[in-house]
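S.K.: Take this structure, written in structure tokens, and hold onto it; I'll ask about it next.
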Amino acid sequence: MGGYILKRLLIGVPTLFIIITASFFLMRSAPGGPFDAEVDLDPAVKANLEATYGLDLPVSGQYVRFLGALSHFDFGPSTTYPDRSVGELISDGLPVTLRLGLTAKALAAALGMTAGIVAARNRNGPIDAAVMGAASLGIALPNFVVAPALTLVFGVYLHLLPVAGWGDGSARYWILPVIALALPQIAAIARIMRGAMLEILSADYVRTARAKGMPENRVLWRHVMRAAFLPVMTYLGPAAAAVVTGSVIVEQLFGLPGIGRFFVQGAMNRDYSLVMGIVILYATVLILLNLLVDIAYGWLDPRARVK
Amino acid sequence: MAMLEISNLGVSFRTPRGTLHAVKDVSFSLEPGRCLGIVGESGSGKSQTMLGMLGLLPQNGTVTGSALFEGEELIGAPRRRLDELRGARMSLVFQDSITGLTPHMRIGDQLAEVLQVHKGFSRKQALAESLAMLEVLRLSEPERRLRQYPHELSGGMRQRVMIAMALLCKPSLLIADEPTTALDVTVQATILSTLGKLKDHAGTAIILITHDLSVVAGVCDEVAVMYGGRIVEHAPVDELFAAPAHPYTKGLFMCTPRIDMPTGGMLPAIPGVPPPLNAMPPGCAFSPRCPEADARCEQVRPEARRIGNRLAACLKVPA
Ligand SMILES: Nc1ncnc2c1ncn2[C@@H]1O[C@H](COP(=O)(O)OP(=O)(O)OP(=O)(O)O)[C@@H](O)[C@H]1O
Ligand SMILES: [Mg+2]
Chain A
-6 MGGYILKRLL
4 IGVPTLFIII
14 TASFFLMRSA
24 PGGPFDAEVD
34 LDPAVKANLE
44 ATYGLDLPVS
54 GQYVRFLGAL
64 SHFDFGPSTT
74 YPDRSVGELI
84 SDGLPVTLRL
94 GLTAKALAAA
104 LGMTAGIVAA
114 RNRNGPIDAA
124 VMGAASLGIA
134 LPNFVVAPAL
144 TLVFGVYLHL
154 LPVAGWGDGS
164 ARYWILPVIA
174 LALPQIAAIA
184 RIMRGAMLEI
194 LSADYVRTAR
204 AKGMPENRVL
214 WRHVMRAAFL
224 PVMTYLGPAA
234 AAVVTGSVIV
244 EQLFGLPGIG
254 RFFVQGAMNR
264 DYSLVMGIVI
274 LYATVLILLN
284 LLVDIAYGWL
294 DPRARVK
Chain B
5 MAMLEISNLG
15 VSFRTPRGTL
25 HAVKDVSFSL
35 EPGRCLGIVG
45 ESGSGKSQTM
55 LGMLGLLPQN
65 GTVTGSALFE
75 GEELIGAPRR
85 RLDELRGARM
95 SLVFQDSITG
105 LTPHMRIGDQ
115 LAEVLQVHKG
125 FSRKQALAES
135 LAMLEVLRLS
145 EPERRLRQYP
155 HELSGGMRQR
165 VMIAMALLCK
175 PSLLIADEPT
185 TALDVTVQAT
195 ILSTLGKLKD
205 HAGTAIILIT
215 HDLSVVAGVC
225 DEVAVMYGGR
235 IVEHAPVDEL
245 FAAPAHPYTK
255 GLFMCTPRID
265 MPTGGMLPAI
275 PGVPPPLNAM
285 PPGCAFSPRC
295 PEADARCEQV
305 RPEARRIGNR
315 LAACLKVPA
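Encoded structure:
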């Protein structure tokens, strides 16, 4: 197992390198540069600025410099936020984004799976219909509708929670964003879980368990549940990577200091270092999560286990 | 009192094409220590009769009629009560043993839980008992098997695990649905002799569903022949083999087994196929294929009649 993990991690290094290189050259080949937005910029000033950030070098030279800095974890300075390094920006925004994203994921997994199980156990009954109806609604309603609606009800009318902002970072500030982020995922997971449960409940081995006289709860927990987690995992794994970039929309709507807004602003302002920093973060997390998902698969399904 | 008394058992399925009656008006009884063989072509309702009786039908299935097990009605019994009986006093070995074991549980855990749930054994005790049962059934390297997952076992091994599972609690009724199909001849002989011992020494009543008439001759005391969801003939095994009464049974015996058949040469072929469940003729279901049928057979459904020791449902069988 240890050897397998090491091997997967080593394969991750060239993968990451290819992603970094491709993104680097793609960014540079996009039209415009960091200082093209301010139209009335004096050419001399612009040249000066570009020299400061090393943008006067040929692209290949910039690439070598970038890799050199990266080798000691220096992502370079941000052009959008002067005086701040990309490393600082990311370490500022990441905790906010992570807290939001992970809380929302945990909430979505717990509630979604519970709802799916309840629906499956009451299949085709009124409870099933209610849960699945709510799930369809949850999937159909986009974040940018749910978030303002939540703000309106709990913030503006009921004055229970702040309308926006991060304040001191206490729970009151992140409850609404977490709910807005989690709702569509709860709905999606509930549907996946219900489908998986229904399929497995009619499997031959579930019939065997019942024929052995196992009470239904034991059938569910020991014979059904683990197999039903598989499709949920398939959904959760890649989706969990989005946790680090955060929900761009939800962070914008609630005015939260997460990473999501850096991603948007960085891309729009051609802030090369900032975008590269976020790309590297995202790619790393994705590679690690894929490994984690594969390990979890092996645990859930012995047939997928590596020898 | 009979150990098992089935009366007018029916199984129907709700399908998009309407309700299908897969089992109709099945009645029989079974004494302790006796073995009933059930034979009949694929789709004749053998498995669904057993599943219906045990409350294990798929979602779209409904069972009607009565099934008294040791005097207790099974049809409509609460799940809690069925859980106490199933796997402990009455066991079922399924036909589909390949997919019948939970893929993510070790063989040992799947066996042991039967004793843990029914007998309150500790895991360790239950595993030891399971090991002993695998040894009785002559499974190679039994200790290792307990730690393995189903996909690591061959089809024949899995089938023996399923049989072991059914025998762990020493049930008074064992229903085995084609238990030896995936097994080679020597293992098959082990299983059949194990069944024979259970019957003779432990007084276990056995229902054995099979396509193999030689198995029937070797193990069973009586035979029920099913066709189109009904029992068309039910007789002591020696009488049935000596002189089948129903034209369908005659067909089963007269056709010489053929080695090149997909079932391994067990099921003799009768010309034609059974009518589909949603297009049963008003009269005898076998009449379209029956060499003896006349116009009356196509219109009048024959009731089962007692002729000596046997029951036969055919207008042509002389009283
Ligand atoms: N869930 C279901 N929905 C509709 N029809 C079904 C369902 N399950 C079984 N049937 C039908 O019930 C009939 C009897 O099936 P059964 O499994 O009892 O046959 P069998 O005698 O055991 O055959 P085999 O020898 O192939 O095992 C078949 O025609 C089958 O198609
Ligand atoms: Mg069958």
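These protein sequence lines map, in sequence, to chains A and B.
Mapping of the first sequence onto our numbering: position 49 corresponds to residue 42, and the numbering continues sequentially without gaps.
In our numbering, each residue carries its 1-based index in the second sequence increased by 4.
A virtual CB, placed ideally from N, CA and C, is assigned to each residue, including glycine.
Anyone know if the C-beta pair for B:A209 and B:M7 falls short of 8 Å?
M.R.: Here residue 209 of chain B refers to the residue found at position 205 of the second sequence. Here residue 7 of chain B refers to the residue found at position 3 of the second sequence. Judged by beta-carbon spacing, B:M7 lies within the 8 Å limit of B:A209, meaning their Cβ atoms are closer than that value.
S.K.: What's the call for A:I185, buried or exposed, on a 16-neighbour Cβ count within 10 Å?
M.R.: For this step, residue 185 of chain A is matched to residue 192 along the first sequence. Burial call: buried.
S.K.: Looking only at its chain, what residues have a beta carbon closer than 6 Å to the beta carbon of B:D188, apart from the 5 residues adjacent to it on each side?
M.R.: Along the second sequence, one-based indexing puts residue 188 of chain B at 184. For B:D188, where only same-chain residues beyond five positions count, there are no Cβ hits under 6 Å.
S.K.: Using a threshold of 8 Å, state whether the C-beta atoms of B:P278 and B:S48 are closer than that.
M.R.: Position 274 of the second sequence, counting from 1, holds the residue named residue 278 of chain B. Position 44 of the second sequence, counting from 1, holds the residue named residue 48 of chain B. Yes. Within cutoff.
S.K.: Near B:T267, which residues of its chain fall below 6 Å by C-beta distance, leaving aside the five closest residues on each side in sequence?
M.R.: Taking the second sequence and counting its residues from 1, the one referred to as residue 267 of chain B is at position 263. At B:T267, the pLDDT of 49 sits below 50, so the modelled position is not reliable; the number obtained from the coordinates is stated separately. Closer than 6 Å at the Cβ level, and outside the excluded window around B:T267, lie H215.
S.K.: Can you pull the chain A neighbours of B:E117, defined as C-beta to C-beta under 8 Å?
M.R.: Sequence index remark: in the second sequence, residue 117 of chain B carries index 113 (1-based). Per Cβ cutoff of 8 Å: K205, M207, R211, R215.
S.K.: Report yes if the C-beta of B:S48 is less than 7 Å from at least one heavy atom of ligand 1; otherwise report no.
M.R.: Translated into the one-based positions of the second sequence, residue 48 of chain B becomes position 44. If you check the C-beta of B:S48 against ligand 1, you find a heavy atom less than 7 Å away.
S.K.: Quick one: is B:H108 buried, meaning 16 or more other Cβ sit within 10 Å of its Cβ, or exposed?
M.R.: Residue 108 of chain B sits at position 104 when you count from the first residue of the second sequence. Residue environment analysis places B:H108 among the buried positions, since at least 16 neighbouring C-beta atoms fall within 10 angstroms of its C-beta.
S.K.: According to a CB-to-CB cut-off of less than 9 Å, which residues of the segment 101 to 133 of chain B neighbour chain A?
M.R.: S101, I102, T103, G104, L105, T106, P107, H108, M109, R110, D113, Q114, E117, V118, V121, H122
S.K.: I need the boundaries of the alpha helix (DSSP H) containing B:C294, first residue and last residue.
M.R.: Within the second sequence, the letter at position 290 stands for residue 294 of chain B. Here B:C294 belongs to no alpha helix (DSSP H), and DSSP marks it neither H nor E.
S.K.: Quick check on this structure: which residue in B:V227, B:R293, B:Q152, B:I167 has the alpha carbon closest to the alpha carbon of B:V118?
M.R.: Taking the second sequence and counting its residues from 1, the one referred to as residue 118 of chain B is at position 114. For B:V118, the nearest C-alpha among the options comes from B:I167.
S.K.: I'd like to confirm something about B:S101: is its beta-carbon nearer than 7 Å to some heavy atom of ligand 2, or not?
M.R.: On the second sequence, residue 101 of chain B is found 97 positions in, with the first residue counted as 1. B:S101 Cβ: outside cutoff for every heavy atom of ligand 2.
S.K.: Closer than 8 Å between beta carbons: that is the criterion. Which residues of the segment 74 to 102 of chain B meet it against chain A?
M.R.: R83, R84, L86, D87, E88, L89, R90, G91, A92, S95, L96, F98, D100
S.K.: Is any heavy atom of ligand 1 found at a distance shorter than 7 Å from the C-beta of B:Q52?
M.R.: To locate residue 52 of chain B, count along the second sequence from 1; it is residue 48. Correct: B:Q52 has its Cβ closer than 7 Å to ligand 1.
S.K.: For chain B, is any of its Cβ atoms less than 8 Å away from the one on A:P295?
M.R.: By 1-based counting over the first sequence, the position of residue 295 of chain A is 302. Taking Cβ atoms only, chain B reaches closer than 8 Å to A:P295, which makes this a yes.
S.K.: In its own chain, which residues sit with a C-beta less than 6 Å from the C-beta of B:P175, not counting the 5 before and 5 after it?
M.R.: Here residue 175 of chain B corresponds to residue number 171 of the second sequence, with the count starting at 1. Excluding sequence neighbours, B:P175 sits near R93, M94, S95.
S.K.: To the nearest angstrom, how far is it from the Cα of B:A297 to the Cα of B:L256?
M.R.: On the second sequence, position 293 is the one that residue 297 of chain B refers to. On the second sequence, position 252 is the one that residue 256 of chain B refers to. The straight-line gap from Cα to Cα measures roughly 17 Å.
S.K.: Would A:R187 and A:L293 be called neighbours here (beta carbons separated by less than 8 Å)?
M.R.: Your numbering for residue 187 of chain A matches position 194 in the first sequence. Your numbering for residue 293 of chain A matches position 300 in the first sequence. No; because the gap between Cβ atoms is not below 8 Å, this pair is not in contact.
S.K.: Can you tell me which of A:A175, A:A276, A:D49 puts its alpha carbon nearest to the alpha carbon of A:K98?
M.R.: As a first step, residue 98 of chain A must be located in the first sequence, where it is residue number 105. It is A:A175.
S.K.: When DSSP labels each residue in this structure, what does A:T73 get in the three-state scheme?
M.R.: In the first sequence, the residue the question calls residue 73 of chain A occupies position 80. Here A:T73 sits in coil by DSSP.
S.K.: Applying the criterion that 16 or more other CB atoms from any shown protein chain within 10 Å of the CB defines a buried residue, is B:V236 buried or exposed?
M.R.: Position 232 of the second sequence, counted from the start, is the residue given in the question as residue 236 of chain B. Burial call: buried.
S.K.: Suppose the cutoff is 7 Å on Cβ atoms and the five residues either side in sequence are ignored; what does the same chain contact list for B:K28 look like?
M.R.: Your numbering for residue 28 of chain B matches position 24 in the second sequence. Closer than 7 Å at Cβ, skipping near neighbours: G14, G233, R234.
S.K.: Quick check: does the Cβ of A:N117 come within less than 7 Å of any heavy atom belonging to ligand 1?
M.R.: For the purposes of this step, residue 117 of chain A is identified with residue 124 of the first sequence, where counting begins at 1. No, since every heavy atom of ligand 1 falls outside the 7 Å radius drawn around the Cβ of A:N117.
S.K.: Below 7 Å, is the gap between the Cβ of B:D181 and the nearest heavy atom of ligand 2?
M.R.: Along the second sequence, one-based indexing puts residue 181 of chain B at 177. Yes, the beta carbon of B:D181 sits closer than 7 Å to at least one heavy atom of ligand 2.
S.K.: Of the choices A:I83, A:M(-6), A:S53, whose alpha-carbon is the least far from that of A:A15?
M.R.: The count along the first sequence starts at 1 and reaches residue 15 of chain A at position 22. That would be A:S53, whose Cα lies nearest to the Cα of A:A15.
S.K.: Could you tell me if the beta carbon of B:F17 falls within a distance shorter than 7 Å of some heavy atom in ligand 1?
M.R.: Looking up residue 17 of chain B in the second sequence gives position 13. Because some heavy atom of ligand 1 lies under 7 Å away, the Cβ of B:F17 counts as near it: yes.
S.K.: Identify, in the order they occur along the chain, each residue of the same chain with its Cβ nearer than 7 Å to the Cβ of A:R296, setting aside the five sequence neighbours on each side.
M.R.: Numbered from 1 along the first sequence, position 303 holds the residue referred to as residue 296 of chain A. Closer than 7 Å at the Cβ level, and outside the excluded window around A:R296, lies no residue.
S.K.: Where A:T277 and A:H216 are concerned, what is the direct C-alpha to C-alpha distance, given to the nearest angstrom?
M.R.: Position 284 of the first sequence holds residue 277 of chain A. Position 223 of the first sequence holds residue 216 of chain A. Computed Cα separation, rounded: 35 Å.
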